[in-house]
Amino acid sequence: MRHNKKFNHLGRKSAHRKAMLANMASSLIEHKRITTTVQKAKALRMYVEPLITKAKDDTTHSRRVVFSYLQNKEAVSELFREVAAKVADRPGGYTRILKTGNRLGDNAEMCIMELVDFNELMMAGKEEAGKGKKRRSRRGAGKKAETTAPVAEVKETPVAEAAAEEPKAEESTDSAEEKKEE
Numbered sequence: 076m077r078h079n080k081k082f083n084h085l086g087r088k089s090a091h092r093k094a095m096l097a098n099m100a101s102s103l104i105e106h107k108r109i110t111t112t113v114q115k116a117k118a119l120r121m122y123v124e125p126l127i128t129k130a131k132d133d134t135t136h137s138r139r140v141v142f143s144y145l146q147n148k149e150a151v152s153e154l155f156r157e158v159a160a161k162v163a164d165r166p167g168g169y170t171r172i173l174k175t176g177n178r179l180g181d182n183a184e185m186c187i188m189e190l191v192d193f194n195e196l197m198m199a200g201k202e203e204a205g206k207g208k209k210r211r212s213r214r215g216a217g218k219k220a221e222t223t224a225p226v227a228e229v230k231e232t233p234v235a236e237a238a239a240e241e242p243k244a245e246e247s248t249d250s251a252e253e254k255k256e257e
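This is how it looks when you write it as structure tokens:
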């Protein structure tokens, strides 16, 4: 029975699976974004997020523990130097999986897996959304405010009332002239 054995074996023996996940984690840390299948990305998320959490505490012991998983000096140093500094205030959820469709050869579901704090396009979108957008009403409350302001000005000044009445008189003379022409 396989009670509480939730992780995906990915159709590989344990040594092959551990080596593959270590290589994928190293690539993710070095390049900040990789393209893989959805199932491998979900397995990688469970593998790499605890390592990033360990990297927040920069001690010799945590470096050795992370190195025992990754087996790559460059990836470990980059994880502790760059990645841990950027995710220091984030309580979890360091990776993002973006589905990209199916692979042509075997119709496998593909995705892009990336580190959340390293996507400049999405970070720029959040900054613009926070300061530039305002809420609008669907009823057109802005139009009502614009139309009421000129009416109030016309009623306040007697000169404006006289000016407003003159065009009406011209319109009536225009219509009278048109009738004469017919």
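Residue numbers (the numbering used here): 76 to 257.
Note that the Cβ used here is the ideal one computed from N, Cα and C, for glycine as well.
The structure presented is a predicted model; accordingly, all values stated were derived computationally and were not measured.
The alpha helix (DSSP H) enclosing residue i, as first and last residue numbers
{"i": "L179", "result": "Segment: none, L179 is in no alpha helix (DSSP H) and carries neither H nor E."}
{"i": "M95", "result": "89-106"}
{"i": "L85", "result": "Note, L85: premise wrong, no alpha helix (DSSP H); not H, not E."}
{"i": "K136", "result": "What sits at residue 136 in the sequence shown is His, not Lys. Residues 135-145."}
{"i": "A150", "result": "148-153"}
Residue i vs residue j beta-carbon contact at 8 Å
{"i": "L154", "j": "I127", "result": "yes"}
{"i": "E124", "j": "G167", "result": "yes"}
{"i": "I109", "j": "S101", "result": "no"}
{"i": "A183", "j": "T135", "result": "no"}
{"i": "Q114", "j": "N83", "result": "yes"}
From the options, residue whose alpha carbon lies closest to that of residue i
{"i": "T170", "options": "R214, C186, R178, V191", "result": "V191"}
{"i": "E157", "options": "H84, T135, K107", "result": "K107"}
{"i": "A118", "options": "L85, G215, L179", "result": "L85"}
{"i": "R187", "options": "R77, T135, A116", "result": "The sequence as given places Ile at residue 187; Arg does not occur at that position. Of the candidates R77, T135, A116, the one whose C-alpha sits nearest the C-alpha of I187 is A116."}
{"i": "E105", "options": "R77, Y122, S152, K93", "result": "S152"}
{"i": "M121", "options": "F142, S137, K81, M198", "result": "K81"}
{"i": "K93", "options": "R138, S143, K201, R211", "result": "S143"}
For residue i: DSSP bridge partner residues
{"i": "R120", "result": "According to DSSP, R120 bridges with nothing at all."}
{"i": "I172", "result": "M188"}
{"i": "I109", "result": "M188"}
N- and C-terminal bounds of the beta strand (DSSP E) containing residue i
{"i": "L190", "result": "184-190"}
Check whether the region 160-171 and the region 119-131 touch, using three or more Cβ-Cβ pairs below 8 Å as the test.
Cβ pair count under 8 Å is three or more, so yes.
Given 8 Å, three or more beta-carbon pairs between the region 175-186 and the region 140-148
Too few Cβ pairs lie closer than 8 Å, so no.
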